[in-house]
Structures are given as structure tokens and as C-alpha cells.
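Chains A and B supply the protein sequences, listed in that same order.
Numbering of the first sequence is given in the UniProt record's numbering, commencing with residue 1 and proceeding in unit increments.
Numbering of the second sequence is given in the UniProt record's numbering, commencing with residue 1 and proceeding in unit increments.
Glycine included, C-beta positions come from ideal geometry on N, C-alpha and C.
Read the structure below first, then the notes.
Number of protein chains: 2
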Amino acid sequence: MPELTVSSVLTAERSVGIREVARLSGVSIATVSRVFNDAAAVNPETRERVLEQAQALNYQPSSLGRNLVRGRSELLGLIVPNVAFPLYGEMIGGIEEVLGREGMSILLALSHDNVDSEFTAAQHLLRHAVDGGIIINSRLGLNAPLPAPRGLNWVQVAPEHTGTPHRVELDNEAGGRLAALEMLGLGRRRLAFVGAPGRESADRERGFAAELRRAGLIYRRAQGDYSEASGVQAAGELLEHNAAVDAVFVAGDLMAAGVLRALHQRGLRVPEAVAVVGFDDAAIASLLYPRLTSIRQPARAMGTAAAELSLRLLGGHRTEPITFPPELVRRESTGPPSRLSARHF
Amino acid sequence: MPELTVSSVLTAERSVGIREVARLSGVSIATVSRVFNDAAAVNPETRERVLEQAQALNYQPSSLGRNLVRGRSELLGLIVPNVAFPLYGEMIGGIEEVLGREGMSILLALSHDNVDSEFTAAQHLLRHAVDGGIIINSRLGLNAPLPAPRGLNWVQVAPEHTGTPHRVELDNEAGGRLAALEMLGLGRRRLAFVGAPGRESADRERGFAAELRRAGLIYRRAQGDYSEASGVQAAGELLEHNAAVDAVFVAGDLMAAGVLRALHQRGLRVPEAVAVVGFDDAAIASLLYPRLTSIRQPARAMGTAAAELSLRLLGGHRTEPITFPPELVRRESTGPPSRLSARHF
DNA sequence: TGTCCATAATGTAACGTTTTCAGTTGTCGG
DNA sequence: CCGACAACTGAAAACGTTACATTATGGACA
Numbered sequence: 001m002p003e004l005t006v007s008s009v010l011t012a013e014r015s016v017g018i019r020e021v022a023r024l025s026g027v028s029i030a031t032v033s034r035v036f037n038d039a040a041a042v043n044p045e046t047r048e049r050v051l052e053q054a055q056a057l058n059y060q061p062s063s064l065g066r067n068l069v070r071g072r073s074e075l076l077g078l079i080v081p082n083v084a085f086p087l088y089g090e091m092i093g094g095i096e097e098v099l100g101r102e103g104m105s106i107l108l109a110l111s112h113d114n115v116d117s118e119f120t121a122a123q124h125l126l127r128h129a130v131d132g133g134i135i136i137n138s139r140l141g142l143n144a145p146l147p148a149p150r151g152l153n154w155v156q157v158a159p160e161h162t163g164t165p166h167r168v169e170l171d172n173e174a175g176g177r178l179a180a181l182e183m184l185g186l187g188r189r190r191l192a193f194v195g196a197p198g199r200e201s202a203d204r205e206r207g208f209a210a211e212l213r214r215a216g217l218i219y220r221r222a223q224g225d226y227s228e229a230s231g232v233q234a235a236g237e238l239l240e241h242n243a244a245v246d247a248v249f250v251a252g253d254l255m256a257a258g259v260l261r262a263l264h265q266r267g268l269r270v271p272e273a274v275a276v277v278g279f280d281d282a283a284i285a286s287l288l289y290p291r292l293t294s295i296r297q298p299a300r301a302m303g304t305a306a307a308e309l310s311l312r313l314l315g316g317h318r319t320e321p322i323t324f325p326p327e328l329v330r331r332e333s334t335g336p337p338s339r340l341s342a343r344h345f
Numbered sequence: 001m002p003e004l005t006v007s008s009v010l011t012a013e014r015s016v017g018i019r020e021v022a023r024l025s026g027v028s029i030a031t032v033s034r035v036f037n038d039a040a041a042v043n044p045e046t047r048e049r050v051l052e053q054a055q056a057l058n059y060q061p062s063s064l065g066r067n068l069v070r071g072r073s074e075l076l077g078l079i080v081p082n083v084a085f086p087l088y089g090e091m092i093g094g095i096e097e098v099l100g101r102e103g104m105s106i107l108l109a110l111s112h113d114n115v116d117s118e119f120t121a122a123q124h125l126l127r128h129a130v131d132g133g134i135i136i137n138s139r140l141g142l143n144a145p146l147p148a149p150r151g152l153n154w155v156q157v158a159p160e161h162t163g164t165p166h167r168v169e170l171d172n173e174a175g176g177r178l179a180a181l182e183m184l185g186l187g188r189r190r191l192a193f194v195g196a197p198g199r200e201s202a203d204r205e206r207g208f209a210a211e212l213r214r215a216g217l218i219y220r221r222a223q224g225d226y227s228e229a230s231g232v233q234a235a236g237e238l239l240e241h242n243a244a245v246d247a248v249f250v251a252g253d254l255m256a257a258g259v260l261r262a263l264h265q266r267g268l269r270v271p272e273a274v275a276v277v278g279f280d281d282a283a284i285a286s287l288l289y290p291r292l293t294s295i296r297q298p299a300r301a302m303g304t305a306a307a308e309l310s311l312r313l314l315g316g317h318r319t320e321p322i323t324f325p326p327e328l329v330r331r332e333s334t335g336p337p338s339r340l341s342a343r344h345f
């Protein structure tokens, strides 16, 4: 019967549905569904027959249909400023690990550090009926909340000012304290800080300042914008205005790279003359010369935490914000000062 | 009537559908659908009324329903080895740009540079009925092709050996030639190459070697594995075995960072004594000291090309592989040699 | 024999959309 | 006043699945 062959080829072409399998194995579609979701009891013989047919037709249950009726998509929306920044990449790695374990997939959208595209990104994701959402470094605060129907809760990976209880954040203040203590411990006394706009940097500075106050010291400060160029610039200011600086805490690794460069150019040895501590422990930290001591953000762990938080939320549980402690990673850019090479003027 | 209130709250809770909008604006669901797809002519007044209601109810057409009936998901699957590597991040940025313009979203999966998880990643994406797929640096060659039902075509961003015509790749050989020409042009004559496993590195070396042969020169070589440590190691070998090397071409920027470090440690000035050219022009290139001259992969452009290729494929058109030319980005690690500081022994 | 129960299977109604087909108007030329 | 045509609208049939309610089929038990 050539018709049968032709028709079966055709049906194979246009993606075979549950009805086809049901028809060919002589059961109802409901039974086929049960076989694939092993929910209720199904006669082993029947199950066998169904599975056989399914195999033959290369049938795969469609997520679309399933999700439509279940009201779930097994998708988790993720909004990231960009993907080229390694710290975000690490977080995504952590998120993926948890989600993969749970059989969920990541729907990715980029916010470009921009409120408008953040908003449209959220809408995009929502249209796909994501079950949950994680947003990293959202610019939208409490004032303009993200769209969120059906009781969907966004998990924010960001510092406190976003106001949501569904939050994973780094204890930036503790990071600043860590940096200060390290420098003080090394015997440095003429400290400086290079900051950047935003809450994170302010928190880092607060911790740093608190420890210095406690030690009865003051510090110089310069302002950058997280870019390498601004680090060069800031270091220039610090060194010119004020002759004697023997340690610099920089609010970001990229800026720290700039600071190192400025020091090189002035012939100041690191760490002998000036010690430098960065922040984030981005991938570049260990590639710089000398290798940069930095305050590490456990980005991957923060990613897994955010994903787990989102899953818990999805299960209807309550959650609490999670705060991660930063960690000092000691490398070559810090060490004891050398008397001889201190900045002389 | 409290019941009404309760029920209306409930329906508001559980996501408003096209029916609700239709009912409240006194038209049929078909008309609402038409308004949102501006397919057929709709009375401007009616359209207005519908849009008003939709706005009031915060109605968003559900992709699920739409895709179910259309047999499309407006999803494009993307498989990447990892996201922490900036080059991939840039590509993703390019892909997102094109896709966003087309209203499609990215379903992300990680292959972890591992054939098995690459395969399961593909299955994951397929279950979500992605319309197309892009896979970056796939390990699966022709031998074990990716699963691909319904005439779905994977676009590969990878060198030629994957065999598929749906491909975006970099002309690695041209990159090698570029590096060689730059060094020769600077008057360097004692060249070396640091390679890594895999086709890419081999192609880069082939181009490099071809230009040297043409100039009647030979070169030293050492082998690494793209890691910074292996760069340090390789540079060590080159400098010890062979006293006189005045230029090193390194098949990857991370390794180049290692080479720079080894040179620093030996007190060899870059570029005066030894010039260094990296490959990829990763973000770190411009952060190293000195800033690294590198052969740039136009990663973002390759991403957009891959996305466009995928869209064209999706539209049923035929496509050809696209090859991108690399570009030399000149920075501080190359320059004319200085007689005085050449390696003396 | 009749009742009850467990098991196995089935039928049908959703889910939220788009699309096709079949209207219903209203307008205009003849 | 008729017919043709355009503009607009609505009903209903998909799409692939699950959930709910229901129906057979036996067997155990009183």
C-alpha cells in the first residue's frame, strides 16, 4: 500500500503530534500523554506499544502544547546588561548550572545598562510566559517596577536600593573593610581610594573609610567611572596632588588596571612603592602585571543562589535576601612596603 | 456583590487573555487578533476601542498561543561553550542585536566545550521548538551531527572542518599572514610562534609560516594550550633554547599575556627587545602592559552575520559560508627593534 | 447475585492564539 | 433598484497538550 508510505512520510515531515501516535497505536491521546508523563497507571503492554510507535514516528512531545495547558513554560528569563563582561558571564554559568539540573532553560535578553531596553527586554520575556526571571544590575528601582503579571517575581542581583526582598547581593561594605585591613596590616599608612558612580562604589568606600577612621587615619580620594582610562586619570591626580601615597584601593578591576599603568609610567614599583587592591576579581586581575590583589565577588555562587531563589519563589515559597561576603584574593600587587622606594619628592 | 469583585480579581490575577479583551470591547476575538497583527483592515474606531481596553487590562498577546497555531516559536537556540569568555560575549551581543530587531529571543544553552553536554543542550533547545539554532565552536563534527528535526538548520560559528555550508568563520590563515607581515615590516628577523591545539591555531601558523618562507626565514615554535600559564612556559622555552628571538606571534591573547609576563621577568623590554603579537584582540589585550598588538576577530560582526544567516535559512533561502577577514590592531607591544637591547648572551 | 473497588482506558473540555470562510453592512456605478 | 465590490466582522476550526470526569472490565467480598 503505497499510500500508507507516502502519508507516513508526509506526516513525518510536518512534525508528528500526539494524535498520530494515538491513532497508530490504537489508544486515545490521553493514554499517550500518560505514557510520556508517567502520571497514572498504564497497562505495560499498552505503554510498550505506544513507546514503540512514538519511536517509529520519532515523536517528541511539544513543549508548546504542554506549556500552553500547564501555564508554565519551563523557561526562566534572564536580563543582563551585557554578556561581554566576564563577571556576568560567571554568574550566568552559575545560573545555568542550577537551571539545567531542574530541566529549565534560559531565555536571554540584554538591557545594555539602559532603562528603556531593560523594560522592553522584560516585556519580551514575559510574552514568552517565562516562569520566573532574574535581572542583574537593574537600573529600574522601586519607582518604575518591572512588569510582572501572574504573580511572577523578579529576582534581582543587585545592591539593596532596589527594595525587593527577592535579592542576591554582595556585601560591598565588607569588601571595603577587607581592603583597608589588608593595607593597614601591611604597614601602609598613606592610603587612597578610587571610586566610581553608584551605590556599589559608595558602599565599598564606606567600609574602607570606617576601618581607616578606626585606625585614626584619613585617606585621599579620586573619582573614576570604572573604565581603565579613568583609572589612569585618577591615579595621576592622586600622585600629583599629594606626594606620598603608598596604597590605593580601587573600586573596580578595570580601573585598577589603569592605576597600575599610571604607576608603571611614573616608575613607581608595585607593590614596593605603592600597593594596589582592586575589586571584583575579574578574570583580568590575574593577567595584569603585577597580578592584581582584588576583592573577590563570588559571582558564580551568586548566580546559583539567584537561580535557586527564583526556583523557590516559583514553588510558592517565601524567600529572604541573600548577602554574600566578599573575599580578599592576595596576589602580587600587595606586599610590604620598602623604605627606599617610597615616593620621594 | 462581593462575589463579582472576587471573581474579577481572580481573573485579573490569572493573566488576561484575548477573550477578555474581546468581551470588554464588544468585538470578537478575531478582531482583537487582527488589531494586534494588523493583518486585515479594521475599523479605526474599533481598533481604538480594542487598544484602549487592552491597555487598561494590560493585555499582552501570549507567544505560547500564537506559536502553537503558527508552528513557530520565535525562539532561536544558541549554544556557546561558556559565557565567561569575552569573545563569545561579543558574538552574543551581535546575535542579540539582529534577533531583537526581528522580534526573536535567544534561548541560551552552554556546551562547556564538551560533546555530551553539547548534545543534551541541543535536545533541550529542540524541545522548546526553536525556529533556528546557532552553535559556536561546536565539538561535534560531521561524524556526530546535531539533532535537527523539521528541517531545522544549525548555523555554526567555527572553522571549516565542521563541513556544514551554514557557517561563519574567521580567516585564521590571513591572520597569521598579517602577524608575519607586521613583524617583518618592523625589521624583525628572528621570529617565533606559540601555538595551541586545534585547527584554528594550525591555520594561523600556516599563514604565518607562508609569509616567512616567502621572506626566506625560518622560525622557532613552542606549544601551549591557550592558557596564560602555558604562555609563560612557552616563552621560557623559546628564550632558553634559542638566544635570539626578537618577535613572538602568539595564537591567543591569554597566552600572549603569559609571554609578556615571562619577558618582563627576564628583564626583556617589549617592544624594544622583543615584539609580541597576540590573536583575538580580546578585551584584555588593551589592558596588558604594554598594551598588546593583536589580530582582531570581528566577533560582534561574526555574531550578527551568524544571526542573519540563521534568519535567512529560516526563511527557506539558500546560504553560503561567510568568511571574515581578521584585522591587525597595532598597540604598544610592537614597534621597531632597538639594536642595543637585543638579546645578548 | 449484587455491591464495591481498583485498574485501565476513554472522551471531552479546556489553554490562547491565528486563520479561513462566511457573512453583514455600506457605497457606488449603471 | 440591482449587482458588484469593498470594508469590516464573527464563528469555528485548528494547533498539541493536560486535566477532569466518566466509562468499561474484572475481581473480591458479603
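Among the residues of its own chain, which have a CB less than 6 Å from the CB of residue i, if the five just before and after it don't count?
| i | result |
| --- | --- |
| V16 (chain B) | L57, Y59 |
| E327 (chain A) | R296 |
| I134 (chain A) | L78, V155, A306, S310 |
| I18 (chain A) | I29, V32 |
| A121 (chain A) | I79, A109, S111 |
| E228 (chain A) | L254, A257, G258 |
| D281 (chain A) | S294, R296, V329 |
| D113 (chain A) | P81 |
Who are the near neighbours of residue i in its chain, counting only those whose CB is closer than 8 Å to its CB and skipping five residues on each side?
| i | result |
| --- | --- |
| G195 (chain A) | S201, A202, R204, E205, R221, A222, Q223, G224, A251 |
| E308 (chain B) | V98 |
| R213 (chain A) | none |
Hey, would you say residue i sits closer than 8 Å to residue j, going by beta carbons?
| i | j | result |
| --- | --- | --- |
| R330 (chain B) | L292 (chain B) | no |
| L76 (chain A) | L99 (chain A) | yes |
| S73 (chain A) | A158 (chain A) | no |
| A89 (chain B) | N43 (chain A) | Reading the sequence as shown, one finds Gly at residue 89 (chain B) and not Ala. No, the pair does not count as a contact, with Cβ atoms beyond the cut-off. |
| V274 (chain A) | L287 (chain A) | no |
| R207 (chain A) | P271 (chain A) | With the sequence shown as reference, residue 207 (chain A) is identified as Gly, and Arg is not the correct amino acid for it. In this structure, P271 (chain A) does not lie closer than 8 Å to G207 (chain A) by Cβ. |
| L107 (chain A) | G132 (chain A) | no |
| L260 (chain B) | Y289 (chain A) | yes |
| G187 (chain A) | P337 (chain A) | yes |
| R167 (chain B) | P325 (chain B) | no |
| A179 (chain A) | V277 (chain A) | yes |
Report the three-state DSSP secondary structure of residue i (helix, strand or coil).
| i | result |
| --- | --- |
| residue 348 (chain A) | This structure gives no information on residue 348 (chain A), because the portion of chain A shown stretches from 1 to 345. |
| T105 (chain A) | Thr is not the amino acid found at residue 105 (chain A); the sequence shown has Ser there. Strand, per DSSP. |
| A129 (chain A) | coil |
| Q156 (chain A) | strand |
| S294 (chain A) | strand |
| L163 (chain A) | According to the sequence provided, residue 163 (chain A) is Gly. The question's Leu does not apply to it. Looking at G163 (chain A) - three-state DSSP - the assignment turns out to be coil, as it is neither helix nor strand. |
| L313 (chain A) | helix |
| I136 (chain B) | strand |
| G258 (chain B) | helix |
| D280 (chain A) | strand |
| E327 (chain B) | strand |
| L268 (chain A) | coil |
| L142 (chain A) | Residue placement at L142 (chain A) is poorly supported in this model, since its pLDDT is 46, which falls under 50; the coordinates are not used for a value here. |
| V21 (chain A) | helix |
| L178 (chain B) | helix |
| L288 (chain B) | coil |
Whose Cβ in chain B lies nearer than 9 Å to the Cβ of residue i?
| i | result |
| --- | --- |
| S310 (chain A) | Within chain B, no residue comes near S310 (chain A); the closest Cβ sits about 15 Å away, beyond 9 Å. |
| residue 361 (chain A) | Residue numbering for chain A in the displayed model covers 1 to 345; residue 361 (chain A) lies beyond these limits and cannot be assessed. |
Take residue i and list the residues in its own chain whose beta-carbon comes closer than 7 Å to its own, dropping the five residues that flank it on each side.
| i | result |
| --- | --- |
| H124 (chain A) | A109 |
| V21 (chain A) | V32, V50, Q53, A54, L57, Y59 |
| L97 (chain A) | Looking at the sequence itself, residue 97 (chain A) is Glu, so the reference to Leu does not match. Answer for E97 (chain A): T304, listed in chain order. |
| F279 (chain B) | G175, R204, V250, A251, G252, D253, S294, I295 |
| T46 (chain B) | V27, T31 |
| R312 (chain A) | T319 |
Residue i versus chain B: which residues are under 8 Å apart at the beta carbon?
| i | result |
| --- | --- |
| H264 (chain A) | Y289 |
| L260 (chain A) | Y289 |
Worksheet item: If you scan the segment 32-105 of chain B from start to end, which runs of the beta strand (DSSP E) of 3 or more residues do you find wholly inside it?
Response: 75-80
Worksheet item: Taking only runs of the alpha helix (DSSP H) that begin and end inside the segment 185-254 of chain A, which ones reach a length of at least 4 residues, in chain order?
Response: 199-214, 228-241
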